[in-house]
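Chemist:
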Amino acid sequence: MLNGAIAREIQVSIQYMWQHVQWIGVKGFATKDAFEDIAKQEMKHAESIAERLFYLGEIPTTKPEPINVGKNLKEMVTQDVKDEKNAIEMYKEIIQIAQKEGDTTTAFLFMEILKQEEDHHDTFTTLLEQI
Ligand SMILES: [Fe+2]
Ligand SMILES: [Fe+2]
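For the record, in the sequence shown the residue sitting at position 97 is 96 according to numbering that gives the first Met the number 0, with numbers rising by one throughout.
1) Comparing the CB of Glu41 with every heavy atom of ligand 1, is any distance shorter than 6 Å?
2) Kindly list the residues whose CB is nearer than 7 Å to the CB of His19, restricted to its own chain and excluding five residues on each side of it in sequence; keep chain order.
3) Quick one: is Thr122 buried, meaning 16 or more other Cβ sit within 10 Å of its Cβ, or exposed?
4) Looking only at its chain, what residues have a beta carbon closer than 7 Å to the beta carbon of Ala45, apart from the 5 residues adjacent to it on each side?
5) Would you grab the beta carbon distance between Leu52 and Leu1 for me? Rounded to a whole angstrom, and I think it's under 8 Å.
6) Short check: CB of Gln98 to CB of Ala106, under 7 Å?
7) Smallest Cα separation from Thr125: which of Asp79, Tyr90 and Gln95?
8) In whole angstroms, what separates the C-alpha of Ile131 from that of Gln129?
9) How big is the Cα-Cα spacing for Asp118 and Val68?
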């Protein structure tokens, strides 16, 4: 599950950064910084989860989940809202399992990350309303 989380963190970090590069139009101007900021946070999530997984004795994956940049701003942000929603569901499950197994550190790590994913979801949902 931690490698699944890493794969999606790498995916969205590239996805958002390329959306930052490919933004167009006036509305794109308003979203370009959000794409970049969130992309960097996702890369840090990948790093933190990889550190935890390596500590637990496993090798972190280098392969992202399929990246979906989108052809226009609406396509981009619609995809991003979906990806954040998936992250929130997946991380809640990881927290539950970690708590059940007494792995407090992993549970705490994912609580911190979950807080940021909820922020990202909120940001993309707000942006989507304005497109
Ligand atoms: Fe993330
Ligand atoms: Fe996120």
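Beta carbons are placed, not taken as given, at the ideal position from N, Cα and C, and that holds for glycine. A quick note: this is a predicted structure, and the numbers were derived from the prediction, not measured.
Modeler: Put simply:
1) yes
2) Lys31, Phe34, Glu35 and Ala38
3) Buried, by the Cβ-count rule.
4) Once the five neighbours on either side are set aside, the close Cβ partners of Ala45 are Ile5, Glu8, Ile9 and Ser12.
5) 4 Å
6) yes
7) Asp79
8) Absent from the structure is residue 131, since the part of the chain shown begins at 0 and ends at 130.
9) 20 Å
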